[in-house]
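Trainee: Have a look at the structure that comes next, please.
Residue numbers (our numbering), protein chains in the order written: chain A, 12 to 113; chain B, 61 to 381.
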């Protein structure tokens, strides 16, 4: 929630202009780009994500650093759980989320 | 991208520690507050205090939006959601935080429809797919999450969704710092400014701390080296008798912040001070009373149940973060 999660924009959602598929260490989820409307990112760009919304554009090097920081802080698992939860209406009961938790 | 479980640049960390010891004047005691809970977490996790001389003291700031939430807010949110055909949606961080009659998870066990969401956008999705129910999103967080709640409310309004509301508990960082500085028994020399909050608000909102209060602010990243470098930058200013706002985290924080996020917050929220006696910050300073500033949603069609500024009788004390 407070610490940002880095991800790479893979593709824009053809159905919804403000959504894009973002890759976070191999996990792909849709993220909202609406808060970056002043300088819209394109596929290949790296962004920092909070609660399912891209909040800032960053370099690839910074994305790697940020993931490392999350790991060093012991927050990487919680971050990945958050990312896996995006788009799930009840993540707690979702089978894939449960599997991942185990 | 891969995870690396190592301290990066140990030689630079040693160098920064040495520079801090050189800059700290031996006959002076420095009290530096790190505002963000993420920094506090990093300071403990990496044992950064051990690298500092005894006269450079780090004071922990208001930090965590869950910890500063008064118990009364949880009570109010849960009693609203206890109505028939309501869904109570909140981030996982909230689920075990107790209200007077239990946590959201305990309410769930008693039959309330309580859902964990990881994004306010997913709470909105719940409202779309459950048109016969009313979804109440219990929103928490500083400026890292508030713009997302704002944009979600704007989307709900644009879609004309009537079964979605936000119970707004967002807090904003500047009044918190103001309250810290207004506290008569809190003496501080400078601030390590929050990193990701500043991605949104930029560095300008801290200007008054330097200009009017004469205290330096350095917006900092979260790695051990970032935090130590920020302390070096603060001590350099203090040694020269300067007070300005500097940005150590330039690689992520633009000086002007994220204007689109600021616009969304300005359009949807208004600042509302509430005074509930909640004591933030150091336990060594139990008498400090803070006027918490709360932003409340104003999109009436999308947010029907904005209950801001209700009396909040107790502050929960079970948050462990």
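Even glycine gets a Cβ: it sits at the ideal position worked out from N, Cα and C.
1. Strictly under 8 Å for the Cβ-Cβ distance: is residue 67 (chain A) near chain B by that measure?
2. Helix or strand or just coil, what does DSSP make of residue 97 (chain B)?
3. Any contact between the segment 97-108 of chain B and the segment 250-264 of chain B? By contact I mean 3 or more CB pairs, one from each, below 8 Å.
4. Within 10 angstroms of its Cβ, does residue 69 (chain B) collect 16 or more other Cβ (buried), or is it exposed?
5. Rounded to whole angstroms, what's the CA-CA distance from residue 3 (chain A) to residue 323 (chain B)? Just pull it up for me.
6. Let's see if you can read the secondary structure: which residues bound the beta strand (DSSP E) around residue 133 (chain B)?
7. Tell me, to the nearest whole angstrom, how far the beta carbon of residue 67 (chain A) is from that of residue 259 (chain B); I am working on the premise that it is less than 8 Å.
8. Check whether the Cβ atoms of residue 172 (chain B) and residue 163 (chain B) sit closer than 8 Å, and answer yes or no.
9. Buried or exposed: where does residue 204 (chain B) fall if 16 or more other Cβ atoms within 10 Å of its Cβ makes it buried?
10. Residues bridged to residue 176 (chain B) by DSSP?
11. Starting from the beta carbon of residue 207 (chain B), find every residue of chain A whose beta carbon is closer than 8 Å, and list them in chain order.
12. Identify the continuous alpha helix (DSSP H) that holds residue 81 (chain B) and give its terminal residues.
13. Buried or exposed, going by whether 16 or more other CB atoms sit within 10 Å of the CB of residue 87 (chain B)?
14. Is residue 115 (chain B) near residue 76 (chain B), with beta carbons less than 8 Å apart?
15. Is the Cβ of residue 197 (chain B) closer than 8 Å to any Cβ of chain A?
16. Can you list the residues of chain B that residue 85 (chain A) reaches, using a CB-CB cut of under 9 Å?
17. Quick check: the Cα distance between residue 238 (chain B) and residue 64 (chain A), rounded to an integer number of angstroms?
18. Residue 259 (chain B) versus chain A: which residues are under 8 Å apart at the beta carbon?
19. Can you grab the Cα-Cα spacing for the pair residue 250 (chain B) / residue 262 (chain B), in whole Å?
20. Quick one: what's got a C-beta closer than 7 Å to residue 416 (chain B)'s C-beta in the same chain, skipping five residues either side?
21. Check the Cβ-Cβ distances between residue 23 (chain A) and every residue of chain B, and say whether any is below 8 Å.
22. Taking C-alpha atoms, which residue in B:71, B:243 and B:136 lies nearest to residue 197 (chain B)?
23. Closer than 8 Å, Cβ to Cβ, to anything on chain A: give me those residues from the segment 182-197 of chain B, in chain order.
24. What does residue 282 (chain B) touch in chain A if you count any residue whose Cβ is under 9 Å from its own?
25. Quick one, are the C-beta atoms of residue 182 (chain B) and residue 98 (chain A) less than 8 Å apart?
26. As an exercise, report each continuous alpha helix (DSSP H) stretch of at least 4 residues that is fully enclosed by the segment 195-273 of chain B, in chain order.
27. Closest by CA to residue 329 (chain B), which one among B:267, B:226, B:269 and B:284?
28. For residue 131 (chain B) and residue 81 (chain B), I'd like the C-alpha separation in whole angstroms.
29. What is the rounded straight-line gap between the Cα of residue 17 (chain A) and the Cα of residue 74 (chain B)?
30. Looking only at DSSP bridge pairs, what is residue 5 (chain A) linked to?
31. Count the other C-beta atoms from every protein chain shown that fall within 10 angstroms of the C-beta of residue 94 (chain B), then say buried if there are 16 or more, exposed otherwise.
32. If you draw a straight line from the alpha carbon of residue 36 (chain A) to that of residue 187 (chain B), how long is it in whole angstroms?
33. Spatial neighbours of residue 360 (chain B) within its chain, please: CB distance less than 7 Å, with the 5 preceding and 5 following residues excluded, ordered by chain position.
34. Can you tell me which of B:248, B:90 and B:165 puts its alpha carbon nearest to the alpha carbon of residue 270 (chain B)?
35. Helix, strand or coil for residue 86 (chain A), going by three-state DSSP, please let me know.
36. Taking C-beta pairs closer than 9 Å, name the residues in chain A that residue 204 (chain B) reaches, listed in chain order.
Mentor: According to the structure shown:
1. For this step, residue 67 (chain A) is matched to residue 56 along the first chain. Chain B, which has a Cβ nearer than 8 Å to the Cβ of residue 67 (chain A), makes this yes.
2. Position 37 of the second chain holds residue 97 (chain B). The three-state secondary structure of residue 97 (chain B), taken from DSSP, is helix.
3. The segment 97-108 of chain B and the segment 250-264 of chain B touch, with no fewer than 3 CB-CB distances between them shorter than 8 Å.
4. Walking along the second chain from the start, residue 69 (chain B) turns up at place 9. By the neighbour-count criterion, in which 16 or more other beta carbons inside 10 Å mark a residue as buried, residue 69 (chain B) falls on the exposed side.
5. What is shown of chain A runs 12 to 113, which leaves residue 3 (chain A) out entirely.
6. Position 73 of the second chain, counted from the start, is the residue given in the question as residue 133 (chain B). Note, residue 133 (chain B): premise wrong, no beta strand (DSSP E); alpha helix (DSSP H) at 131-141.
7. Here residue 67 (chain A) corresponds to residue number 56 of the first chain, with the count starting at 1. Here residue 259 (chain B) corresponds to residue number 199 of the second chain, with the count starting at 1. Between residue 259 (chain B) and residue 67 (chain A) the Cβ distance is about 5 Å, and since that is below 8 Å, they are a contact.
8. Here residue 172 (chain B) corresponds to residue number 112 of the second chain, with the count starting at 1. Here residue 163 (chain B) corresponds to residue number 103 of the second chain, with the count starting at 1. 8 Å or more divides the Cβ of residue 172 (chain B) from the Cβ of residue 163 (chain B).
9. Numbered from 1 along the second chain, position 144 holds the residue referred to as residue 204 (chain B). Around the C-beta of residue 204 (chain B), 16 or more other C-beta atoms lie within 10 Å, and the residue is accordingly described as buried.
10. The count along the second chain starts at 1 and reaches residue 176 (chain B) at position 116. DSSP output for residue 176 (chain B) lists B:150 as bridge partner(s).
11. As a working note, residue 207 (chain B) is residue 147 in the second chain. Within 8 Å Cβ-Cβ: 46, 64 and 66.
12. Position 21 of the second chain, counted from the first residue, corresponds to residue 81 (chain B). Run containing residue 81 (chain B): 70-83, per the alpha helix (DSSP H) assignment.
13. As a working note, residue 87 (chain B) is residue 27 in the second chain. Flag for residue 87 (chain B) reads exposed.
14. Counting from 1 along the second chain, the entry for residue 115 (chain B) is found at position 55. Counting from 1 along the second chain, the entry for residue 76 (chain B) is found at position 16. Residue 76 (chain B) is positioned such that its CB atom lies no closer than 8 Å to that of residue 115 (chain B).
15. The count along the second chain starts at 1 and reaches residue 197 (chain B) at position 137. Taking 8 Å as the threshold, the shortest C-beta distance from residue 197 (chain B) to chain A does not fall below it.
16. The residue given as residue 85 (chain A) occupies position 74 in the first chain. Result: 101 and 105.
17. The residue you call residue 238 (chain B) lines up with position 178 of the second chain. The residue you call residue 64 (chain A) lines up with position 53 of the first chain. The straight-line gap from Cα to Cα measures roughly 29 Å.
18. Here residue 259 (chain B) corresponds to residue number 199 of the second chain, with the count starting at 1. Correct list: 15, 59, 66 and 67.
19. Counting from 1 along the second chain, the entry for residue 250 (chain B) is found at position 190. Counting from 1 along the second chain, the entry for residue 262 (chain B) is found at position 202. Approximately 18 Å between the Cα atoms of the pair.
20. The question about residue 416 (chain B) has no answer here: the residues shown for chain B are numbered 61 through 381.
21. On the first chain, residue 23 (chain A) is found 12 positions in, with the first residue counted as 1. Interface residue (Cβ-Cβ distance to chain B less than 8 Å): residue 23 (chain A) is not classified as such.
22. The residue you call residue 197 (chain B) lines up with position 137 of the second chain. Answer by Cα proximity: B:136.
23. Those residues of the segment 182-197 of chain B that come within reach of chain A (Cβ to Cβ, closer than 8 Å) are 182, 185, 186 and 189.
24. Locating residue 282 (chain B) in the second chain gives position 222, counting from the first residue. Going along chain A in sequence order, the residues near residue 282 (chain B) (Cβ under 9 Å) are 14, 77, 80, 81, 83 and 84.
25. What you label residue 182 (chain B) is simply residue 122 of the second chain in a count that begins at 1. What you label residue 98 (chain A) is simply residue 87 of the first chain in a count that begins at 1. Against a cut-off of 8 Å, the Cβ pair of residue 98 (chain A) and residue 182 (chain B) comes out as a contact.
26. Within the segment 195-273 of chain B, the alpha helix (DSSP H) runs of at least 4 residues that lie entirely inside it are, in chain order, 206-219, 233-242, 256-261 and 267-271.
27. As a first step, residue 329 (chain B) must be located in the second chain, where it is residue number 269. Of the candidates B:267, B:226, B:269 and B:284, the residue whose Cα lies closest to the Cα of residue 329 (chain B) is B:226.
28. Along the second chain, one-based indexing puts residue 131 (chain B) at 71. Along the second chain, one-based indexing puts residue 81 (chain B) at 21. In a straight line, the C-alpha of residue 131 (chain B) is about 42 Å away from that of residue 81 (chain B).
29. Position 6 of the first chain, counting from 1, holds the residue named residue 17 (chain A). Position 14 of the second chain, counting from 1, holds the residue named residue 74 (chain B). Roughly 28 Å separates the two Cα atoms.
30. The structure shown does not extend to residue 5 (chain A), since chain A is modelled only from 12 to 113, so the question has no answer here.
31. Working through the second chain from its first residue, we reach residue 94 (chain B) at position 34. Residue 94 (chain B) is buried by the Cβ-count criterion.
32. In the first chain, residue 36 (chain A) corresponds to position 25, counting from 1. In the second chain, residue 187 (chain B) corresponds to position 127, counting from 1. Computed Cα separation, rounded: 30 Å.
33. Reading the second chain from its first residue, position 300 is the one you call residue 360 (chain B). Confidence is the limiting factor: at residue 360 (chain B) the pLDDT is only 34, short of 50, which leaves the residue's position unreliable, though a coordinate-based value still follows. The answer is none, since no qualifying residue turns up.
34. To locate residue 270 (chain B), count along the second chain from 1; it is residue 210. Of the residues B:248, B:90 and B:165, the one whose Cα lies closest to the Cα of residue 270 (chain B) is B:248.
35. For the purposes of this step, residue 86 (chain A) is taken as residue 75 along the first chain, with counting starting at 1. Per DSSP, reduced to three states, the secondary structure at residue 86 (chain A) is coil, with no helix or strand assignment.
36. As a working note, residue 204 (chain B) is residue 144 in the second chain. What residue 204 (chain B) touches in chain A: 12, 13, 14, 15, 61, 62 and 66.
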